[in-house]
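Asks:
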Amino acid sequence: MKSVLSLLRKSLPYLIGIGAMALLLAWLMGVFHDKVPMQAPRETRRLAQDEPLLEVQARSFPLTESVVGTVRPIAETRVGSKILARVEKMHILRAGQKVEQGQLLIELDDSDLVARLEEVKAAERAAQAAAEQAANDLTRSKKLFEKKLKSQEDLDRDRTRVRTAKAEVERSAQMVAAARTALSYARIKAPYAGELVDKLVNEGDLVSPGQALFVMYDPARLQLVAPVREKLAVALEIGQKVDVHIEALNKDCEGRIDQIVPEAQRGSRSFEVKVSGLSSPELMAGMFGRMTLGVGTGEELRIPRSAIQAVGQLRMVFVVDAERRILRRFLQLGKDFGEEVQVLAGLKAGEKILLHAGKQG
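Reading the sequence shown from the start, the letters are residues 925 to 1285 in my numbering.
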């Protein structure tokens, strides 16, 4: 008996705690509160004779797909040196510098080329003098031959000498032209009006034939290059017009498909599409752009903004059923088209709604 009483004394605090928790839960659940009596349902309003209605209709619209790409120059030129020489003077100030066609950008050391030009000019003068002397000798030989004072063999030899001298003059002239051309290679000019992307050498550097000196492109000839999935790419055509949006400029422009690279990328199974004709003076290479391509047609529901009533974050319309009862219907809305709004869910084509929601209750 004593052991039972001792056990009860030990368990009593736990039993009291459990009972208190049970009472607290019952109170939170409203067991001890008065119940709210059920109200009678509010009577549904019926359509008045003069209230305008709208029958919801499905509309056809073009389906589009957005493809992201990068703005790139149609042609990027790496201008290089044609001779072995040291960079004597740079007229390139920085990347992004605007240049005109024919503008002098780099001067190379031309001392050896100038010396070579003077050398071949001297050789040309010597060849011309020799040709004049050969021509004079031939004239004298003809007169002596007529007087029987010179043989036919001597006359033929003088004629050969004249032809050889003329050939030497022509060869010297070609050497002078080649030396002048080589001298022009020491002055590097812009091949067209454009913008410098990067300079690759500095004053004092020794450059060799074929070495790139700077990179430039024509900012008026840019294109958007984007990978397009194969199912969509096969439906595109060269010359097709597309809409392009440049994110950085928040600007829309129209372009045309100029090239579809006829080889899919292995990883993504997409084709590279190039869109040219982008007319925007603020456009720069490397900018991010979106190209919008049509992928067919679909149907959507649009209703006037006047038919929509806002309740906090919710949007609703008032649907009129076959018995002319006015019922609330919550909607999921899509794109905003000004006076009209796209309906994604909540209505079906053929249903009738109040044209002016107003403050319907």
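The C-beta atom is built at its ideal place from N, Cα and C for all residues, glycine as well.
Under a Cβ-count criterion, where at least 16 other Cβ atoms within 10 Å of its own Cβ denotes burial, should I942 be classed as buried or exposed?
Replies: exposed
Asks: Roughly how many whole angstroms lie between the Cα atoms of A946 and I940?
Replies: 10 Å
Asks: Express the C-alpha separation of S984 and L978 in angstroms, rounding to a whole number.
Replies: 18 Å
Asks: Roughly how many angstroms lie between the CA atoms of R1153 and Q1147, to the nearest whole one?
Replies: 19 Å
Asks: Which class does E967 belong to by DSSP, given the choice of helix, strand or coil?
Replies: Model confidence at E967 stands at a pLDDT of 48, short of 50, so the residue's coordinates are unreliable; what they give is reported in the following sentence. Reduced to three states, the DSSP call for E967 is coil.
Asks: Could you tell me the distance, in whole angstroms, from the CA atom of H1169 to the CA atom of R1214?
Replies: Taken atom to atom, the span from the alpha-carbon of H1169 to that of R1214 is near 5 Å.
Asks: Does the region 1052-1068 come within contact of the region 1076-1093, defined as at least 3 CB pairs closer than 8 Å?
Replies: yes
Asks: Roughly how many angstroms separate the alpha carbons of T1216 and E1178, rounded to a whole number?
Replies: 10 Å
Asks: Can you tell me the Cα-Cα spacing of A1234 and G1218, whole angstroms?
Replies: 34 Å
Asks: Apart from the five residues just before and just after E1224, which ones in its own chain have a Cβ nearer than 8 Å to its Cβ?
Replies: A982, R983, F985, G1258, Q1266, V1267
Asks: When burial is assigned at 16 or more other CB atoms within 10 Å of the CB, is F1138 buried or exposed?
Replies: buried
Asks: Taking only the alpha-carbon atoms, compute the straight-line gap between D1034 and R1085 and give it to the nearest angstrom.
Replies: 37 Å
Asks: Taking the alpha helix (DSSP H) that R1049 falls in, what are its first and last residues?
Replies: 1035-1070
Asks: Can you tell me the Cβ-Cβ gap for P1143 and G1118, rounded? I've got them flagged as a contact below 8 Å.
Replies: 6 Å
Asks: Would you mind working out which of A999, D1167, L1008 sits nearest P1297, comparing C-alpha positions?
Replies: The structure shown does not extend to residue 1297, since the chain is modelled only from 925 to 1285, so the question has no answer here.
Asks: A1103 and L1032 look like a contact to me (Cβ under 8 Å); what is the Cβ gap, rounded to whole Å?
Replies: For a cut-off of 8 Å, the C-beta gap from A1103 to L1032 is around 15 Å, too long to register as a contact.
Asks: Within 10 angstroms of the Cβ of G1294, are there 16 or more other Cβ atoms? Answer buried if so, exposed if not.
Replies: No answer is possible for residue 1294: it lies beyond the span of the chain, which begins at 925 and ends at 1285.
Asks: Within this structure, are the beta carbons of F1261 and L1251 separated by less than 8 Å?
Replies: With respect to the 8 Å criterion, F1261 and L1251 are not classified as neighbours on the basis of their beta carbons.
Asks: Go through its chain and collect everything with a Cβ distance to K1123's Cβ below 6 Å, but skip five positions before and after it.
Replies: I1016, F1138
Asks: For S1203, which residues from the same chain have a beta carbon less than 7 Å from its beta carbon, with the 5 sequence-adjacent residues on both sides left out?
Replies: C1177
Asks: Return the CA-CA distance between Q1025 and S1005, expressed in angstroms with no decimal places.
Replies: If you draw a straight line from the Cα of Q1025 to the Cα of S1005, it is about 18 Å long.
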